[in-house]
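Student: In my numbering, the protein residues as written are 410 to 515.
Glycine is no exception: its CB is placed at the ideal position from the N, C-alpha and C atoms.
Because the structure is a prediction, the values reported are computed rather than measured.
Have a look at this one before I ask anything.
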Amino acid sequence: EDMPGVYRSCDLFSLPSWDREAFGIVYLEALASGLGVVAPDDSSRREIVGDGGLFTDVDNIRTYAQAIEKALKIDWSGKARAQAEKFSWEKITKDYERLMLDMTKG
């Protein structure tokens, strides 16, 4: 219920799951809260997290731990929020509007 407060109490977000999600909303919630993310290295998470985090092989505990240690030394707030803005409802609405206008012009 108070997820924004939970995110604000953290220094970093990580969800080391390899399950394929249609869209990882929890990553955007963390990014919007200014948290850097350490995520599995796959194309969907790279698209969602972008410059707001680091990607690693979460099955290798050593590299996963190293990524977390590295991420904790970085101030992610600006990059994280900027990445989350790419998926804001306002941006998505404008993109769809532009798409519909382009389709009706042809």
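Would you list, in sequence order, the uninterrupted alpha helix (DSSP H) runs of no fewer than 4 residues that lie entirely inside the region 416 to 475?
Tutor: If we require 4 residues or more, the alpha helix (DSSP H) runs fully inside the region 416 to 475 come out as 434 to 441, 452 to 458.
Student: Decide if Y505 is buried, meaning its Cβ has at least 16 other Cβ atoms within 10 Å, or exposed.
Tutor: Here residue 505 refers to the residue found at position 96 when the sequence shown is read from its first residue. Y505 comes out exposed.
Student: Ends of the alpha helix (DSSP H) at I501?
Tutor: On the sequence shown, position 92 is the one that residue 501 refers to. Residues 498 to 514.
Student: Assign K479 to one of three DSSP states: helix, strand, or coil.
Tutor: For the purposes of this step, residue 479 is taken as the residue at position 70 of the sequence shown. K479 falls in the helix class under three-state DSSP.
Student: Using the beta-carbon count (16 or more within 10 Å), is L449 buried or exposed?
Tutor: Locating residue 449 in the sequence shown gives position 40, counting from the first residue. Going by the sequence as given, residue 449 is Pro instead of Leu. Classification of P449: buried, given that the 10 Å Cβ count is 16 or more.
Student: Ignore the nearest five residues each way along the sequence and tell me which others in L437's own chain have a CB closer than 6 Å to its CB.
Tutor: Here residue 437 refers to the residue found at position 28 of the sequence shown. Cβ neighbours of L437 beyond the five flanking positions: A493, F496.
Student: Is it the case that the CB of K500 approaches a heavy atom of the ligand MG more closely than 7 Å?
Tutor: By its list of ligands, the structure shown contains no ligand whatsoever, and the ligand MG lies outside what it can speak to.
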